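Heads up: the sequence lines are chains A and B, in that order. 94 is the number that our numbering gives to position 94 of the first sequence; each next residue is one higher, with no gaps. 172 is the number that our numbering gives to position 172 of the second sequence; each next residue is one higher, with no gaps. Virtual Cβ for every residue (Gly too), placed ideally from N, Cα, C. Only a predicted model underlies this, so the values are computations on that prediction, with no experimental measurement involved. Structure first, then comments.
Number of protein chains: 2
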Amino acid sequence: MTAKPPGSPPLANVLNAHRLGLDTQHEAMAFIRADSPVCRSEGFSAHSRVQLINGSRSIIATLYQTSTDLVSDQQIGLSEAAWRLLGLTEGCQISISHPAPLESLKKVRSKVFGQRLGEAGTNAIITDIVAGRYSDIHLSSFVTACSALPLDLNETIALTRAMVETGSQTTWDRAPIADKHCVGGLPGNRTTPIVVAICAFLGLTIPKTSSRAITSPAGTADTMEVITDVDLDLANMRRVVDQQGGCFVWGGGVQFSPADDALIRIERALNLDSEGALVASVLSKKIAAGATHVVIDIPVGPTAKVRSQAAAASLQSLLEKVANEFGVKVQSIITDGTQPVGRGIGPSLEARDVLAVLRSEPGAPADLADRACLIAGALLELVGKADAGAGKAMAMDVLYSGAAYTKFEAICRAQGGFREPELAEHSRPILAPAPGRVTSIDNRRLAQAAKLAGGPDDKTAGIDLHVRLGDSVQAGQPLYTLYTEAPGELAYVIDYVAANPDIIELTKP
Amino acid sequence: MTAKPPGSPPLANVLNAHRLGLDTQHEAMAFIRADSPVCRSEGFSAHSRVQLINGSRSIIATLYQTSTDLVSDQQIGLSEAAWRLLGLTEGCQISISHPAPLESLKKVRSKVFGQRLGEAGTNAIITDIVAGRYSDIHLSSFVTACSALPLDLNETIALTRAMVETGSQTTWDRAPIADKHCVGGLPGNRTTPIVVAICAFLGLTIPKTSSRAITSPAGTADTMEVITDVDLDLANMRRVVDQQGGCFVWGGGVQFSPADDALIRIERALNLDSEGALVASVLSKKIAAGATHVVIDIPVGPTAKVRSQAAAASLQSLLEKVANEFGVKVQSIITDGTQPVGRGIGPSLEARDVLAVLRSEPGAPADLADRACLIAGALLELVGKADAGAGKAMAMDVLYSGAAYTKFEAICRAQGGFREPELAEHSRPILAPAPGRVTSIDNRRLAQAAKLAGGPDDKTAGIDLHVRLGDSVQAGQPLYTLYTEAPGELAYVIDYVAANPDIIELTKP
Chain A
1 MTAKPPGSPP LANVLNAHRL GLDTQHEAMA FIRADSPVCR SEGFSAHSRV QLINGSRSII
61 ATLYQTSTDL VSDQQIGLSE AAWRLLGLTE GCQISISHPA PLESLKKVRS KVFGQRLGEA
121 GTNAIITDIV AGRYSDIHLS SFVTACSALP LDLNETIALT RAMVETGSQT TWDRAPIADK
181 HCVGGLPGNR TTPIVVAICA FLGLTIPKTS SRAITSPAGT ADTMEVITDV DLDLANMRRV
241 VDQQGGCFVW GGGVQFSPAD DALIRIERAL NLDSEGALVA SVLSKKIAAG ATHVVIDIPV
301 GPTAKVRSQA AAASLQSLLE KVANEFGVKV QSIITDGTQP VGRGIGPSLE ARDVLAVLRS
361 EPGAPADLAD RACLIAGALL ELVGKADAGA GKAMAMDVLY SGAAYTKFEA ICRAQGGFRE
421 PELAEHSRPI LAPAPGRVTS IDNRRLAQAA KLAGGPDDKT AGIDLHVRLG DSVQAGQPLY
481 TLYTEAPGEL AYVIDYVAAN PDIIELTKP
Chain B
1 MTAKPPGSPP LANVLNAHRL GLDTQHEAMA FIRADSPVCR SEGFSAHSRV QLINGSRSII
61 ATLYQTSTDL VSDQQIGLSE AAWRLLGLTE GCQISISHPA PLESLKKVRS KVFGQRLGEA
121 GTNAIITDIV AGRYSDIHLS SFVTACSALP LDLNETIALT RAMVETGSQT TWDRAPIADK
181 HCVGGLPGNR TTPIVVAICA FLGLTIPKTS SRAITSPAGT ADTMEVITDV DLDLANMRRV
241 VDQQGGCFVW GGGVQFSPAD DALIRIERAL NLDSEGALVA SVLSKKIAAG ATHVVIDIPV
301 GPTAKVRSQA AAASLQSLLE KVANEFGVKV QSIITDGTQP VGRGIGPSLE ARDVLAVLRS
361 EPGAPADLAD RACLIAGALL ELVGKADAGA GKAMAMDVLY SGAAYTKFEA ICRAQGGFRE
421 PELAEHSRPI LAPAPGRVTS IDNRRLAQAA KLAGGPDDKT AGIDLHVRLG DSVQAGQPLY
481 TLYTEAPGEL AYVIDYVAAN PDIIELTKP
């Protein structure tokens, strides 16, 4: 037989790129006419996965066919994600071909059928994910399999390593490099900006990167974006840390563990994140950032992400074992996860709490200040800056002296500026129907309501919580206030909370 | 608080429907301008899931935003799937709103976390799937969870029942109602048309519906579509069966178990189908069609779908237990799955084999004739038409007398006509590199090659196999011939088979 040798590039056909101005988030989409010559000669059908090449750049996109004048028969229309990834200009010629079969999908299938993922298999999967070769169907299958058949220690180490190695990595000419993380699930637990400010003031190097929200109404990156720029590249991040000792930037901007962003999008849609995936997500970013000492906050409560002491202990153990494999010292702290921290839930509302604590304003949420000092103290002890048991007091001194706020503002200005948070235009207080004592707060449904209100995409939307466990309230007293940027969302979230009157449970006095 | 009562319809905004002529297969997509008033007032972001309502019809679609003149700010552009589901005409006003949270996703998550699916949960999931409320991410998670944590007997019964009840169902005023099925995985195993023709000639009622291919290059519906119309509605299907005793129609056209079509699309993309999902898929269609007696062919071989006798026995047992729950008599037969049946792999090539057998042409594939008579014989015995052990001989008499072909043609004409299969324009023989004896044939990679050639979407594409296990071949003798409708695909599949020279293994003489 005569055939091209295996490994040679597939046959290519050329079309003119046409920008459709179509916002699809991460999804690369391509549109061609069903009657175009390339469609006929290559035999593409609707929903085909196709390889698009522009010079040295290559992506895999989902192809759709149109019978109207959306594109001419010499054109290929592209979504913004595809346009950006291929670095195109209008009319630019790109080639379209069948992609090579995705061999790494066999590894996903093996995992689904109960086999363990090896290093090579995990690497192949994560490499394909970072290159954008997985469709949503493939990504969802991988994420689900890692939850249904939980990753063991070796699989988690392999996943962590693959996620580190498929992104950028940085090292520092000093030590220790401090970092912190919260496993999430607790609305409003926005200690990071306060911890970074305290530790950086005390001379620690703390190059903090944060995720956007996974399944919550706000991540630290979403919250800090209200106050300053968080989308810094690696060079700018290093400049800020060199100047100020610390930073709070979005992890996606510096391309640490870019696989995480692709996986997070799916985990968010499914409201799933498994222990192994969680550990790999947390540690891959820390390792890529060059961290040597990391404190991890694990809130535990019936409606937090981690619901029992046993689950927390299992997570602690896995975090420590995986970190150890990479030479990173981890201390994880189990904290109270029975109710939100602070008052705000949603980017701007949480940013307001952070500033109130840093400025020691009257009425600043004391629980947020206390928890931030607990974490900062643990980090100061872990790196040897404070004696055992003396870290929290040292952190409180820095916070209440105003030094932490000065440092916070300096870091913000180094990152690009300082802005005061604003609140959404539309609001509605939710009132206690009868007098009572607050006996439970459902973190999950409160977070769900804040997401329905628009968080994290709508920065100023969310919930301001007015009560805490144990408080006594009168009939008609506001329990919390809903904030939304659009009236449609306000009506929608009001429907939701009306259908869920027990988000905050009151017991008759 | 003042709020709309729970359960009242969400707030609606109205836009003019614009047909984009966009072929997305099953996917409902909507496009609006990022600056349109409805987008701002409802706070929709890219990739939002939205509810679209036209009169009494309602669907959930994925929303994309555009900054160009694809649509005006009073318009909503729609994919063909969305257009069809909503029953629209150009300019028709439709309302767009936030969909209610998908409560059934909690059941999917419970399954992922290891809990068993109950009847109510399964029903909720399947109802939402049939209504098009699940995105690809959700569908993929459900399919993967059912593979990773296999469905037990009760879950499989619940899934089967939910799939039956969410589609149309039919009953007959006579008994028995015969049916057959092959669990697939064996290229070219196209016994159905022959079995139906034999049994219908002998007076059995056999209202056969078939799937399109799941992970294979051709399903029976794909193959029969080459010869006749298979997309009949239920009334037409009943008319054909009333006239001729049997039919071969596409299950999707009669809307038996429509959930199956949504799941099959995902299973195909993942190349996954689990035992429980397989049993529910097979039996839900039979039960909805009113079958009382069903023979199931389970080919077993190292590269067939079922790879071991143990797996086949487990599948047999689950099939029989689930069928028993619905009062259906099932007999499953384990057959040889070590190599393809017949010669052709791909819709037209398999149709050609079917006709050769029915016409007793010289050189017709004897293995296909033999297997069809085995299945038909088992069915004749199961319904009591033939004595035990006498069924196969009775079937052979009907086949070789030409009566089966006459019946086959009559059924085709009743379904809408009779067409001779054609072969694809582009072909290439793959030659033996050296003399040898054929010692193994890899069904999976052969099927993969036939899919890369274009099957099942390209009807005339596929593979014609020229050798069988045990054959001796000379160097340069054709092992199989590739057929494709487009030159691009021919080059592509040649690349694949060149990289996989051991699809057919030759041992030196």
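Which listed residue (the options) has its alpha carbon closest to that of residue i
i: ILE60 (chain A); options: A:VAL71, A:SER67, A:ALA81; result: A:ALA81
i: GLU103 (chain B); options: A:ALA432, A:VAL294, A:LEU270; result: A:LEU270
i: THR160 (chain A); options: A:GLU119, A:LYS107, A:HIS426; result: A:GLU119
i: ARG84 (chain A); options: A:ALA17, A:ILE345, A:GLY327; result: A:ALA17
i: TYR167 (chain B); options: B:LYS321, B:ASP458, B:GLY290; result: The displayed chain sequence assigns Gly, not Tyr, to residue 167 (chain B). Selected option, being the one with the closest Cα: B:GLY290.
i: ASN154 (chain B); options: B:ILE125, B:PHE142, B:ARG116, B:GLU165; result: B:ARG116
i: ARG307 (chain A); options: A:VAL183, A:GLN255, A:ASP69; result: A:VAL183
i: SER141 (chain B); options: B:VAL295, B:LYS106, B:ILE32, B:GLY91; result: B:LYS106
i: GLY121 (chain A); options: A:LEU86, A:CYS92, A:ILE157, A:ALA386; result: A:ILE157
i: PRO542 (chain B); options: B:GLN243, B:ASP273, B:HIS426, B:THR220; result: Nothing about residue 542 (chain B) can be read from this structure; chain B reaches only from 1 to 509.
Proximity test, Cβ basis, 8 angstroms: residue i and chain A
i: HIS426 (chain B); result: no
i: GLN51 (chain B); result: no
i: VAL112 (chain B); result: yes
i: ILE137 (chain B); result: yes
i: ALA323 (chain B); result: no
i: ALA17 (chain B); result: no
i: ASN271 (chain B); result: yes
i: LEU151 (chain B); result: no
i: LEU11 (chain B); result: Summary for LEU11 (chain B): the model assigns pLDDT 42, below 50, so the residue's position carries little reliability, and this model does not support an answer.
i: TYR480 (chain B); result: no
i: TYR483 (chain B); result: no
i: MET1 (chain B); result: The predicted position of MET1 (chain B) is uncertain, since its pLDDT is 31 and thus under 50; a value taken from the coordinates is nonetheless stated next. For MET1 (chain B), the answer is yes, since a Cβ of chain A falls inside 8 angstroms of its Cβ.
i: ALA213 (chain B); result: no
CB contact check: residue i to chain B, cutoff 8 angstroms
i: GLY21 (chain A); result: yes
i: ILE266 (chain A); result: yes
i: GLN477 (chain A); result: no
i: ASP370 (chain A); result: no
i: ARG133 (chain A); result: no
i: PRO6 (chain A); result: Confidence at PRO6 (chain A) is low in this model, with a pLDDT of 38, below 50, so its placement is unreliable and the value that follows should be read with caution. Cβ-Cβ to chain B under 8 angstroms: yes for PRO6 (chain A).
i: ILE504 (chain A); result: no
i: ASP457 (chain A); result: yes
i: ALA148 (chain A); result: yes
i: THR66 (chain A); result: yes
i: VAL295 (chain A); result: no
Paired residues, beta bridge with residue i - DSSP
i: GLY344 (chain A); result: A:ASP464
i: MET29 (chain B); result: B:THR62
i: ASN54 (chain A); result: A:ARG57
i: SER48 (chain B); result: Paired residues: none, contrary to the question.
i: TRP172 (chain A); result: TRP172 (chain A) is not bridged to any residue.
i: THR335 (chain B); result: B:PRO299
Quiz prompt | Start-end ranges of the alpha helix (DSSP H) lying completely within the segment 188–228 of chain A, minimum 4 residues | solution = 192–201, 220–227
Self-check item: beta strand (DSSP E) runs wholly inside the segment 60–89 of chain A, at least 3 long, in chain order
Solution: 75–78
Self-check item: Segments assigned alpha helix (DSSP H), at least 4 residues, entirely inside the segment 356–420 of chain A
Solution: 366–382, 391–400, 403–415
Exercise. Evaluate contact between the segment 411–430 of chain A and the segment 309–318 of chain A, counting only Cβ atoms and requiring at least three cross-stretch pairs below 8 angstroms.
Key: no
Quiz item: What runs of the alpha helix (DSSP H), each 4 residues or longer, lie entirely inside the segment 252–331 of chain A?
Solution: 258–270, 275–288, 309–325
Quiz item: With contact counted as at least three CB pairs below 8 angstroms, one residue from each stretch, are the segment 337–344 of chain B and the segment 177–194 of chain B in contact?
Solution: yes
Quiz item: Do the segment 357–375 of chain B and the segment 391–399 of chain B make contact, defined as three or more Cβ pairs closer than 8 angstroms?
Solution: yes
Quiz item: Is the segment 350–363 of chain A touching the segment 218–235 of chain A, taking contact as three or more C-beta pairs under 8 angstroms?
Solution: yes
Self-check item: Contiguous beta strand (DSSP E) assignments of at least 3 residues, all confined to the segment 470–501 of chain B
Solution: 478–484
Self-check item: Touch test, the segment 477–495 of chain A against the segment 447–467 of chain A, Cβ-Cβ under 8 angstroms, three pairs minimum
Solution: yes
Exercise. Determine, using beta-carbon pairs with one atom in the segment 436–451 of chain A and one in the segment 490–506 of chain A, whether at least three such pairs fall under 8 angstroms.
Key: yes
Self-check item: Inter-stretch contact (C-beta, 8 angstroms, three-pair minimum) for the segment 126–139 of chain A and the segment 52–69 of chain A
Solution: yes
Quiz item: Quick one: any contact between the segment 426–446 of chain A and the segment 247–254 of chain A, if contact means 3 or more CB pairs under 8 angstroms?
Solution: no
Quiz item: Is the number of C-beta pairs between the segment 319–333 of chain B and the segment 273–286 of chain B that are closer than 8 angstroms three or more?
Solution: yes
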